[in-house]
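All remarks here apply to the structure that follows.
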Amino acid sequence: MRRLRFLLRPGWLALAAVVVMFAFLCFWVLAPWQLGKNTSNSHRNDLITESVDSDPVAVGEALSSTGFAPDDEWRRVVAEGRYLPEKEVLVRLRSIKEAPAYEVVTPFQLDDGPIVLVNRGYVTPIQGTQPPPIELAPSGEVTLNARLRQSEGTSREPIQEADHLQVYNINPQQIGAAVGIDAVDGYLQLDDDQPGGLGVIDLPQTDSGPYLSYGLQWLAFGIMAPLGLAYFVRAEWRERRKSMQRDIADSAGPASVPEDTAPESASVPADATAVEPQEFTLPTRRELRAKAKTVSAPRTANAARLADRYGKDR
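Shown next, in the form of structure tokens:
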């Protein structure tokens, strides 16, 4: 564990915190966000495909006390009643075929039923953001072929501009409060060639998009980040281990064995006292390591390099 004490340095702690936070965001925020969008788009595509092959039904069959059911969205319906053109509003900041547009929403009084909002289609602005003259909805009884749509959320309050009440979302509760009606939750989007219809809003393409692949990529990134951190920790540990071994070898110095420089043919004086030969043994690794700890050896080039890279060794 002493060899892993370098992980307690501020730089390593900060790196570990970033990796943990990134992995958390990948697994619990980014990947679920993309996978959720893929699931939502797939469900929408299934509803559109089913609606194309099904026959329209009376709008009253799809109505309940709370409005339209979520799984009835895009369902084809037939509505009979009359428009309320004096309660009409414009939906601003829309984009149709990559061009700015206004959508025209007119309340519709069902025969023997509640009021439902009808999206009559779109018009394109003139002179920048100025709404063009809008054809009034027909008066009297009409029959509409349309598709059920769910209410949109609210973002900002309605504004009065260019002689029109303008909203940012098709929200029956907000629009009803602004024009003084009680509309059901949800609205109708007109099909082509309908009474009061304007520019036809096409159905969305039944394509789930790249969200599934994006979600899988975030999951892969969440796995790769901790593995990358583990790789760098192991590489650093191995480098420090090699550096320690080089320092021990440098501090011990090269082992030298005394050599007998006396020539073999040299004569020994007769009165010379005999000296017992001394046995010489090389120091062990443990003795060299102990000597390196107790003897102050000059800093080696490798130690200087590590000190410059990591600071004071711990």
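Numbering (this note's numbering), first residue to last: 276 to 589. We treat Cβ as the ideally placed atom computed from N, Cα and C, and that holds for glycine. Keep in mind the model is a prediction, meaning the values are calculated, not measured.
Residue pairing by DSSP places Val352 opposite Val332, Ala421 in a beta bridge. In this structure Ile476 is buried. Its beta-carbon is surrounded by 16 or more other beta-carbon atoms within 10 angstroms. Secondary structure of Leu411 (DSSP, three-state): coil. Remark: C-beta atoms of Trp349 and Leu463 do not approach each other more closely than 9 Å. The way I'd put it, the region 331-349 doesn't touch the region 304-316; fewer than three beta-carbon pairs between them come closer than 8 Å. Judged by pairs of C-beta atoms under 8 Å, the region 450-464 touches the region 386-393, as three or more such pairs exist. For Ile450, the enclosing alpha helix (DSSP H) covers residues 447-454. At the C-beta level, Ser483 and Ser339 stay beyond 9 Å of one another. DSSP places Tyr397 in the strand class (E or B) of the three-state scheme. Classified as buried, Phe383 has 16 or more neighbouring CB atoms from the shown chains inside 10 Å of its CB. Note on Leu502: under 16 other CB atoms within 10 angstroms of its CB, so exposed under the neighbour-count rule.
Boundaries for Ala437: no beta strand (DSSP E) harbours it, and the DSSP string shows neither H nor E there.
Under the 10 Å beta carbon count, Ile401 is surrounded by fewer than 16 other beta carbons and is classified as exposed.
For Gly286, the enclosing alpha helix (DSSP H) covers residues 285-300.
In the DSSP secondary-structure assignment, Glu378 is bridged to Val366, Tyr397. For the options Ser414, Pro413, Tyr397, the alpha carbon positioned closest to that of Pro407 is the one of Tyr397. In the same chain as Thr418, and ignoring 5 residues on each side of it, the C-beta atoms closer than 6 Å to its own belong to Glu355, in chain order.
CA-CA distance, Gly455 to Trp303, rounds to 43 Å. For Glu416, the CB contacts under 6 Å within the same chain, skipping 5 residues up- and downstream, are Arg357 in chain order. Between Gly490 and the set Ala292, Leu305, Arg284, the nearest pair of CA atoms involves Leu305. Within its own chain, the residues whose Cβ lies closer than 7 Å to the Cβ of Leu368, once the five positions on either side in sequence are excluded, are Tyr443, listed in chain order. Taking all protein chains shown into account, Glu373 has fewer than 16 neighbouring C-beta atoms within 10 Å of its C-beta and is therefore exposed.
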